[in-house]
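Structure first, commentary second.
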Amino acid sequence: MDFEFLVQLLFSGGLIVAFYNNYAQIRLQNEIKLTEINENKFRSILIYMDIVLDPDHIVHSSERDNPELGRIDKNNKDEIRTFYKMKIKVYKANIYLYCDDDIIYAIDIFLDNPTEDNYLNVAKLMKNNLWHKEKKYFKNKMKNFFKF
2 MDFEFLVQLL
12 FSGGLIVAFY
22 NNYAQIRLQN
32 EIKLTEINEN
42 KFRSILIYMD
52 IVLDPDHIVH
62 SSERDNPELG
72 RIDKNNKDEI
82 RTFYKMKIKV
92 YKANIYLYCD
102 DDIIYAIDIF
112 LDNPTEDNYL
122 NVAKLMKNNL
132 WHKEKKYFKN
142 KMKNFFKF
């Protein structure tokens, strides 16, 4: 082995490590962005569900300033519940893109029977979806990245 070969070997090894680090960093940034988006959507759904459970909680949320509420009677609890159930259904239509089926099913159960137990079940499933899911896709991509 001569000096030139060793320099080429080190250079090519450095390139491979640099490509891997760049790829891993981009994937990590994308996962962080997706988690933040999901967390914000889940937080909104949970606020709406809390208002469905107890419409008086609207006073304690940022929803009290919602201009859409001008269309309904804020003293009529049934109207408030109906309004927020519709908002949950709209959000549910969007979460088909990024959620587990268990969460969608749990939200359906809550909409049919809004109880605190059903609310807590949805919240637990959302927490698991955000923080306890395996990164299988990322692991498989890394395995395939090093196959030649």
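In terms of my numbering, the sequence shown opens at residue 2 and continues consecutively.
By construction, the Cβ of each residue, glycine as well, lies at the ideal position given by its N, Cα and C atoms.
If you look at ASP118, you'll find it in the alpha helix (DSSP H) that goes 117-132. With distances taken between CA atoms, LYS34 lies nearest to TYR99 out of ASP118, TYR99 and LEU121. Taking the CA atoms as reference points, GLY71 sits about 16 angstroms from SER62. Its chain contains TYR49, ILE52 and VAL53 as the residues whose beta carbon lies nearer than 7 angstroms to that of TYR85, once the 5 sequence neighbours on both sides are disregarded; these appear in chain order.
Annotated three-state conformation of ASP74 is coil, per DSSP. Sequence-distant partners of LYS88 (beyond 5 residues in either direction) whose C-beta falls short of 7 angstroms from its own C-beta, in its chain, are TYR49. LEU112 sits away from ASN39, with the two beta carbons spaced by 7 angstroms or more. By the neighbour-count criterion, in which a residue is buried when 16 or more other Cβ atoms sit within 10 angstroms of its Cβ, ILE27 is exposed. Secondary structure note for GLU40: its alpha helix (DSSP H) is the uninterrupted segment 4-54.
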